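Worksheet: the structure to be examined is printed underneath.
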Amino acid sequence: MKQSFAKKVVSSFIRKKSSRTAAEASAESSASVADVSQSNHSAATSRNLRELSVRLDEYLEQIDMSGGEVDVDVISMSRQVEKISRYTNGSLPASVKPAAISDDRASLIRIAAWASKEVYSSDTAVMGRISRPEQFSAYQPTKHSVEIDASFRDGTVKATRMHLFSSAGSRLLVVAIRGSTSIRRDWTINFDDIGKETDGNGYINVDETEYKVHGGFLECAKAMVDKVSNAISSVLLDAGVHEAEDEDVQLLFTGHSAGGAVASLLYAHMSSKNPSSLSQLGSKFAVTHCITFGSPPVTAPALSASHSQSVFHAIINEGDPVPRLDKDYAESLLQLYLLPMAPKPVDWKLPAMLLENAGTVLLLKNGVEGFCEVPDDEIRSVLESTIFGSPRAHKMDMYLWKLGMMQFN
1 MKQSFAKKVV SSFIRKKSSR TAAEASAESS ASVADVSQSN HSAATSRNLR
51 ELSVRLDEYL EQIDMSGGEV DVDVISMSRQ VEKISRYTNG SLPASVKPAA
101 ISDDRASLIR IAAWASKEVY SSDTAVMGRI SRPEQFSAYQ PTKHSVEIDA
151 SFRDGTVKAT RMHLFSSAGS RLLVVAIRGS TSIRRDWTIN FDDIGKETDG
201 NGYINVDETE YKVHGGFLEC AKAMVDKVSN AISSVLLDAG VHEAEDEDVQ
251 LLFTGHSAGG AVASLLYAHM SSKNPSSLSQ LGSKFAVTHC ITFGSPPVTA
301 PALSASHSQS VFHAIINEGD PVPRLDKDYA ESLLQLYLLP MAPKPVDWKL
351 PAMLLENAGT VLLLKNGVEG FCEVPDDEIR SVLESTIFGS PRAHKMDMYL
401 WKLGMMQFN
């Protein structure tokens, strides 16, 4: 009975994100069809799942709207995350080892992290607590920037901010896509068509591979192609860059959460054989990169770097559930949250991933300074077998802290 209620509540959680009333009505409808002999137990289970799913939904929305400044934690009044430590697969395995990352690559990742936070808020009080690019890299921000406003009506166009950075002999154009556009719409898009075999061949066509793409993120990426290409052209024109390829200008797509998922699809489209205003700009840059933070799975098979010199990473903080989030995983996590504390260490069986994370995964492991990794052919197994169940770990501020870029008061 508990499993049946979990499926119904998660289904409501995925379909309708706009109000607490809608989620409660769906769960109450589930309770109304329960077996009479188990009505008391079923009603309690339904109420718990209903409340938990709504709280988790609202918490993820708040994180995406703020980039991490959330006052109320979804697990503040319970022991859900503490329960995870009782499972033998509640933390990353010993096979996840420190990664050898060059200083240049680490600097590029930190620039991406700074931009992914800055697109949420340019408030000086907020950004003043974060290390600036010139403090950890050779790049400095220039005056050349442009913004794309979000489409609040349908949420398909995400707020985007572009900055041109410069260093001795090179420039870097950073395209940062915000994780949320509208609290009414965004997480509905995030869960739309998860696991459905949406054909990406009309958008991603880099080789003979046939990609299945998350329908909601694909919708966003398609809607943003012309806006992003126009904005890129505007920044380059304003900076007096006529042929970026001849002037060693690099392009970096980045974003946190849903913004990172869309960024990875735009990155893949840049090298696509399908002509568009954006893909035609790809050859004008010396190299194009993509670095995302806490982004959900987006394609099957996984997207890979378009060029040997291209940096394409998915940064995942240990415990962050979003990089594993799909319908089956959400259901499994809610069921785990509702169970009592395990009396002894046991293994929690997790569902297989429906889609995969974009790029080469780098993990921010608890208790380990810097980046960690496992071989590419093992990362899926690690992600599928490890519980990622701490919503607080999804905050962009937590990523910045793990990267040594932010101190908490």
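Heads up, the sequence shown is in UniProt numbering, so the first residue is 1 and it goes up one at a time. Virtual Cβ for every residue (Gly too), placed ideally from N, Cα, C. Just so you know, these numbers come straight off a predicted model, no measurement behind them.
Span of the alpha helix (DSSP H), counted from its first residue to its last, around residue i
{"i": "Arg105", "result": "Asp103 to Glu118"}
{"i": "Phe165", "result": "Phe165 -> not in any alpha helix (DSSP H); beta strand (DSSP E) instead, spanning Thr160 to Ser167."}
{"i": "Phe224", "result": "In the sequence on display, residue 224 carries Met and not Phe. Met224 -> alpha helix (DSSP H) spans Gly215 to Asp238."}
{"i": "Leu333", "result": "Lys327 to Leu338"}
Other residues of its chain near residue i: CB distance less than 8 Å, five sequence neighbours each side excluded
{"i": "Ser381", "result": "none"}
{"i": "His307", "result": "Ser271, Val287 and Thr288"}
{"i": "Ala221", "result": "Tyr203, Val262, Leu265, Leu266 and His269"}
{"i": "Ser95", "result": "Val374, Glu378 and Val382"}
{"i": "Ser107", "result": "Phe136, Ser137, Ala138 and Tyr139"}
{"i": "Ala239", "result": "Thr142, His144, Leu164 and Arg171"}
{"i": "Leu237", "result": "none"}
{"i": "Asp207", "result": "none"}
{"i": "Val298", "result": "Val213, His214, Phe217, Ala261, Ser264, Leu265, Leu355, Glu356, Asn357 and Ala358"}
{"i": "Lys365", "result": "Leu92, Val96, Glu318 and Cys372"}
{"i": "Ala223", "result": "Ser151, Thr156 and Val157"}
{"i": "Pro345", "result": "Arg86, Tyr87 and Thr88"}
{"i": "Gln407", "result": "Arg129 and Trp401"}
{"i": "Thr21", "result": "Confidence at Thr21 is low in this model, with a pLDDT of 39, below 50, so its placement is unreliable and no value can be given for it."}
Supposed contact pair residue j and residue i - C-beta distance, whole angstroms, cut 8 Å
{"i": "Met396", "j": "Tyr120", "result": "7 Å"}
{"i": "Glu398", "j": "Asn274", "result": "With the sequence shown as reference, residue 398 is identified as Met, and Glu is not the correct amino acid for it. The Cβ separation is near 37 Å, so there is no contact."}
{"i": "Met353", "j": "Leu325", "result": "Not really, about 10 Å apart at Cβ, beyond 8 Å."}
{"i": "Pro296", "j": "Val322", "result": "5 Å"}
{"i": "Ser166", "j": "Gln140", "result": "6 Å"}
{"i": "residue 438", "j": "Ser332", "result": "Nothing in the structure corresponds to residue 438, since the chain is present only between 1 and 409."}
{"i": "Gly359", "j": "Leu303", "result": "6 Å"}
{"i": "Ala258", "j": "Gly179", "result": "5 Å"}
{"i": "Gly169", "j": "Asp103", "result": "17 Å between Cβ atoms; not a contact."}
The beta strand (DSSP E) enclosing residue i, as first and last residue numbers
{"i": "Gly255", "result": "Val249 to His256"}
{"i": "Phe293", "result": "Val287 to Phe293"}
{"i": "Ala314", "result": "Phe312 to Asn317"}
{"i": "Leu383", "result": "Careful: Leu383 lies outside any beta strand (DSSP E), inside the alpha helix (DSSP H) at Asp376 to Ser385."}
{"i": "Val361", "result": "Thr360 to Leu364"}
Beta bridge counterpart(s) of residue i as assigned by DSSP
{"i": "Gln140", "result": "Ser166"}
{"i": "Tyr87", "result": "Val346"}
{"i": "Ile148", "result": "Thr160"}
{"i": "Met406", "result": "Ile130"}
{"i": "Glu373", "result": "Lys97"}
{"i": "Arg178", "result": "In DSSP, Arg178 forms no bridge with anything."}
{"i": "Ala300", "result": "Lys212"}
{"i": "Glu356", "result": "Thr299"}
{"i": "Arg171", "result": "Ser166 and Val249"}
Neighbourhood of residue i by C-beta distance below 7 Å, restricted to the same chain and skipping five residues each side
{"i": "Phe293", "result": "Ala113, Ser116, His256, Gly260, Ile315, Met396 and Tyr399"}
{"i": "Asp347", "result": "Tyr87, Thr88 and Asn89"}
{"i": "Val311", "result": "Arg105, Leu108, His289 and Ile291"}
{"i": "Ser39", "result": "Any reading at Ser39 needs caution, since the residue's pLDDT is 43, under 50, leaving its predicted position unreliable; the model's value is listed next. So the list is empty, once near-sequence residues are dropped."}
{"i": "Asn205", "result": "Ser272, Lys273 and Asn274"}
Contacts around residue i, its chain only, beta-carbon distance under 6 Å, and the 5 residues preceding and following it disregarded
{"i": "Ile101", "result": "Phe371"}
{"i": "Ala342", "result": "Arg86"}
{"i": "Ile291", "result": "Ile109, Ala112, Thr254 and His313"}
{"i": "Ile75", "result": "Low per-residue confidence applies at Ile75: pLDDT is 48, beneath 50, and the placement is therefore not dependable, though the value from the model is reported in the following sentence. Correct list, in chain order: Val81."}
{"i": "Thr142", "result": "Leu164 and Ser166"}
{"i": "Arg161", "result": "Val119, Glu147 and Ala176"}
{"i": "Ala227", "result": "Correcting the residue identity first, residue 227 is Lys in this sequence and not Ala. Answer for Lys227: Ile148, listed in chain order."}
{"i": "Gly389", "result": "Ile84, Pro321 and Leu333"}
{"i": "Gly282", "result": "Met270 and Ser271"}
{"i": "Ser385", "result": "Asn89"}
Cβ pair residue i, residue j closer than 8 Å
{"i": "Leu172", "j": "Leu252", "result": "yes"}
{"i": "Ser229", "j": "Leu278", "result": "yes"}
{"i": "Leu164", "j": "Leu363", "result": "no"}
{"i": "Ile130", "j": "Lys158", "result": "no"}
{"i": "Val225", "j": "Ser151", "result": "no"}
{"i": "Val368", "j": "Pro133", "result": "no"}
{"i": "Asp320", "j": "His394", "result": "yes"}
{"i": "Phe285", "j": "Gln250", "result": "yes"}
{"i": "Thr209", "j": "Pro340", "result": "no"}
CB contact below 8 Å: residue i versus chain D
{"i": "His289", "result": "This model lacks chain D altogether, as it is built from one protein chain only."}
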